[in-house]
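**Q** Quick note: the sequence shown uses full-length UniProt numbering, first residue 1, plus one each step.
Supplied in structure tokens, the structure appears directly below.
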Amino acid sequence: MESLPTTTAKSERRWRSKPLQNSRPTLLLAFFSCVAWLYVGGRLWQDSESRALLVSLLKRNADQRPKVLSVEDKLTVLGCKDLERRIVEAEMDLTLAKSQGYLKNQLRQSGSSSAQLLAVIGVYTGFGSKSKRHVFRGSWMPTGDALRKLEEKGVVIRFVIGRSANRGDSLDRIIDEENRSTKDFLILDGHEEAQEELPKKAKIFFSTAVQNWDAEFYVKVDDNINLDLEGLIGLLDRRRGQNSSYIGCMKSGDVISEDGKPWYEPEWWKFGDEKSYFRHASGSLMILSKNLTLYININSASLKTYAHDDISVGSWMMGVQATYIDDSRLCCSSIRQDKVCSLA
Numbered sequence: 001m002e003s004l005p006t007t008t009a010k011s012e013r014r015w016r017s018k019p020l021q022n023s024r025p026t027l028l029l030a031f032f033s034c035v036a037w038l039y040v041g042g043r044l045w046q047d048s049e050s051r052a053l054l055v056s057l058l059k060r061n062a063d064q065r066p067k068v069l070s071v072e073d074k075l076t077v078l079g080c081k082d083l084e085r086r087i088v089e090a091e092m093d094l095t096l097a098k099s100q101g102y103l104k105n106q107l108r109q110s111g112s113s114s115a116q117l118l119a120v121i122g123v124y125t126g127f128g129s130k131s132k133r134h135v136f137r138g139s140w141m142p143t144g145d146a147l148r149k150l151e152e153k154g155v156v157i158r159f160v161i162g163r164s165a166n167r168g169d170s171l172d173r174i175i176d177e178e179n180r181s182t183k184d185f186l187i188l189d190g191h192e193e194a195q196e197e198l199p200k201k202a203k204i205f206f207s208t209a210v211q212n213w214d215a216e217f218y219v220k221v222d223d224n225i226n227l228d229l230e231g232l233i234g235l236l237d238r239r240r241g242q243n244s245s246y247i248g249c250m251k252s253g254d255v256i257s258e259d260g261k262p263w264y265e266p267e268w269w270k271f272g273d274e275k276s277y278f279r280h281a282s283g284s285l286m287i288l289s290k291n292l293t294l295y296i297n298i299n300s301a302s303l304k305t306y307a308h309d310d311i312s313v314g315s316w317m318m319g320v321q322a323t324y325i326d327d328s329r330l331c332c333s334s335i336r337q338d339k340v341c342s343l344a
């Protein structure tokens, strides 16, 4: 009977200790909940302060900004200020190019007349053609004072040559020395003088000539022909004002596809199954009006060249509204009496 109270006391102690053990997770959960609410409340407080600051700034700027955004404001918002600057610069460049005949930094040959010339005649020559140049200067091509007087009348004549593959060597020095004496060369510093580079020479010649002289016509002449200069000047004078003129002895002909044969065209397959060239002016003497020459100058970087210079020029003329003028007097191999050129 005495053991009953002892059993009852232990049971009561066990019953009373259970709530103490179960309360620990509850206390921890309550603690973390309080921390979470404090964190969320702090962030909300910070966000509310930030929103209040932004609202005040917007209100302040709203009083200063116009209700309707200008183009400048829109560009600023879109981050296009740099684009706007480039557009303005491009418009200025375009205006300048138009004022100079679509030429930027257009040059003028010193001593030339401010009036438009009739023609610039470029006579192709090479490093080994000094004797030919000597013959030309003694026949149809004026020299010294006579050459300058001809320029005053509107016709410029220059021997056209590039530079040696070994820049500054004896070949270049000989040409420079000859030019200092005669002053009748157009030296293409950016062109390497070589037979296989003749198509590129045509492109650089026309581009350089139109940058240096303002003329109605630009004439390319080979150094293997004699020229009736007065006859050529008369022919050009009668065609003044004829824009988009592509003048020469027009021809076509077969495309040579066999490697090793004369006049071989490596890209023969581009000319179709018939392997026939399009109409083009013979390379011995061809004439372009100013606007066609400007076209070559402006687009020189993208113009395709073929194996021959006359074919290359003819391909460029197919892409524009050129007026083809076939003049048999410019067929240098012809036996006509009134022709303006003949084989040397």
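Glycine included, C-beta positions come from ideal geometry on N, C-alpha and C.
From a predicted model like this one, the values you see are computed outputs, not experimental measurements.
(1) Suppose you measure from the CA of S181 to the CA of K201; what does that come to, to the nearest Å?
(2) Say whether the segment 164 to 172 touches the segment 129 to 139, bearing in mind that this needs 3 or more beta-carbon pairs closer than 8 Å, one atom from each stretch.
(3) Can you pull the DSSP bridge partners for F159?
(4) Pick out whichever of K220, G190, I87 and F205 has its Cα sitting closest to the Cα of G248.
(5) Rounding to the nearest angstrom, what Cα-Cα distance links S99 and D214 in this structure?
(6) DSSP has R226 in a bridge; who is on the other side?
(7) Among the residues of its own chain, which have a CB less than 8 Å from the CB of W140, if the five just before and after it don't count?
(8) Should the segment 237 to 254 be regarded as contacting the segment 283 to 299, the criterion being three or more beta carbon pairs within less than 8 Å?
(9) Considering only the alpha carbon of each residue, which of E193, S315, G190 and G144 lies closest to S302?
(10) Leaving out the 5 sequence neighbours to the left and right, which residues in its chain are closer than 8 Å to I175 when beta-carbon positions are compared?
(11) Closest by CA to V340, which one among N291, L236, I87 and E151?
(12) Look at the alpha carbon of S110 and the alpha carbon of E151, and state the distance between them as a whole number of angstroms.
(13) Under the DSSP definition of a beta bridge, which residues are partnered with L285?
(14) Which residue or residues does DSSP assign as beta-bridge partners of T305?
(15) Return the bridge partner residues of S207 from the DSSP annotation.
(16) Under the three-state reduction of DSSP, which class applies to Q100: helix, strand or coil?
(17) Rank D222, F206 and G231 by C-alpha distance to the C-alpha of E216 and give the top, closest one.
(18) Which term fits T323, buried or exposed, when burial requires 16 or more other beta carbons within 10 angstroms of its beta carbon?
(19) Using the rule of at least 16 other Cβ atoms within 10 Å of the residue's Cβ for burial, across every protein chain shown, is M317 buried or exposed?
(20) First and last residue of the beta strand (DSSP E) that includes G326?
(21) Which of the three DSSP states, helix, strand or coil, is assigned to K130?
(22) DSSP on N105, reduced to helix/strand/coil?
(23) From what residue to what residue does the beta strand (DSSP E) around I247 run?
(24) Let me make sure I understand the geometry here. Which of M250, V156, T26 and S33 has the alpha-carbon closest to that of D327?
(25) Can you grab the Cα-Cα spacing for the pair R329 / I87, in whole Å?
**A** With the given structure in hand:
(1) Locating residue 181 in the sequence shown gives position 181, where the first residue counts as 1. Locating residue 201 in the sequence shown gives position 201, where the first residue counts as 1. Distance between the alpha carbons of S181 and K201 is about 24 Å.
(2) Three or more Cβ pairs closer than 8 Å define a contact, and the segment 164 to 172 falls short of that threshold against the segment 129 to 139.
(3) By one-based count along the sequence shown, residue 159 stands at place 159. For F159, which the question treats as bridged, DSSP gives the partners V123 and F185.
(4) Numbered from 1 along the sequence shown, position 248 holds the residue referred to as residue 248. Per the C-alpha coordinates, the member of K220, G190, I87 and F205 positioned closest to G248 is K220.
(5) Stepping through the sequence shown from its first residue, residue 99 is reached at position 99. Stepping through the sequence shown from its first residue, residue 214 is reached at position 214. Note on S99: pLDDT 46, under 50, position unreliable in the model; the coordinate value appears next. A straight-line Cα-Cα distance of about 13 Å links S99 and D214.
(6) Counted from its first residue, the sequence shown places residue 226 at position 226. Contrary to the premise, residue 226 reads as Asn rather than Arg in this sequence. DSSP lists S342 as partners of N226.
(7) Reading the sequence shown from its first residue, position 140 is the one you call residue 140. So the list reads N226, L227, D228 and L229, once near-sequence residues are dropped.
(8) Yes, they touch.
(9) Taking the sequence shown and counting its residues from 1, the one referred to as residue 302 is at position 302. The residue with the shortest Cα to Cα distance from S302 is S315.
(10) As a working note, residue 175 is residue 175 in the sequence shown. The beta carbon of I175 sits closer than 8 Å to the beta carbons of F127, I161, F185 and I187 from its chain, once the five residues preceding and following it are set aside; these are given in chain order.
(11) The count along the sequence shown starts at 1 and reaches residue 340 at position 340. Considering only alpha carbons, the answer is L236.
(12) In the sequence shown, the residue the question calls residue 110 occupies position 110. In the sequence shown, the residue the question calls residue 151 occupies position 151. The predicted position of S110 is uncertain, since its pLDDT is 40 and thus under 50; a value taken from the coordinates is nonetheless stated next. Those two C-alpha atoms are separated by around 11 Å.
(13) Residue numbering aside, residue 285 sits at position 285 when the sequence shown is read from its first letter. L285 pairs with V221.
(14) For the purposes of this step, residue 305 is taken as residue 305 along the sequence shown, with counting starting at 1. T305 is bridged by DSSP to nothing; it lacks a bridge partner.
(15) Taking the sequence shown and counting its residues from 1, the one referred to as residue 207 is at position 207. In DSSP, S207 forms no bridge with anything.
(16) One-based indexing of the sequence shown puts residue 100 at position 100. The predicted model places Q100 with a pLDDT of 49, which falls under 50 and marks its position as unreliable; any figure quoted below should be read in that light. If DSSP states are grouped into helix, strand and coil, Q100 belongs with coil.
(17) As a working note, residue 216 is residue 216 in the sequence shown. Among D222, F206 and G231, the Cα nearest to that of E216 is on F206.
(18) Position 323 of the sequence shown, counted from the first residue, corresponds to residue 323. Exposed.
(19) Taking the sequence shown and counting its residues from 1, one reaches residue 317 at position 317. Taking every protein chain shown into account, the CB of M317 has 16 or more other CB atoms within 10 angstroms, so this residue is buried.
(20) Residue 326 sits at position 326 when you count from the first residue of the sequence shown. Residue identity check: residue 326 is Asp in the sequence provided, not Gly. Unbroken beta strand (DSSP E) run through D326: T323 to D326.
(21) On the sequence shown, residue 130 is found 130 positions in, with the first residue counted as 1. Here K130 sits in helix by DSSP.
(22) The residue you call residue 105 lines up with position 105 of the sequence shown. Confidence at N105 is low in this model, with a pLDDT of 45, below 50, so its placement is unreliable and no value can be given for it.
(23) As a working note, residue 247 is residue 247 in the sequence shown. I247: member of the beta strand (DSSP E) spanning S245 to K251, first to last residue.
(24) Translated into the one-based positions of the sequence shown, residue 327 becomes position 327. Cα-wise, what sits closest to D327 is M250.
(25) For the purposes of this step, residue 329 is taken as the residue at position 329 of the sequence shown. For the purposes of this step, residue 87 is taken as the residue at position 87 of the sequence shown. Taking the straight line joining both Cα atoms gives about 50 Å.
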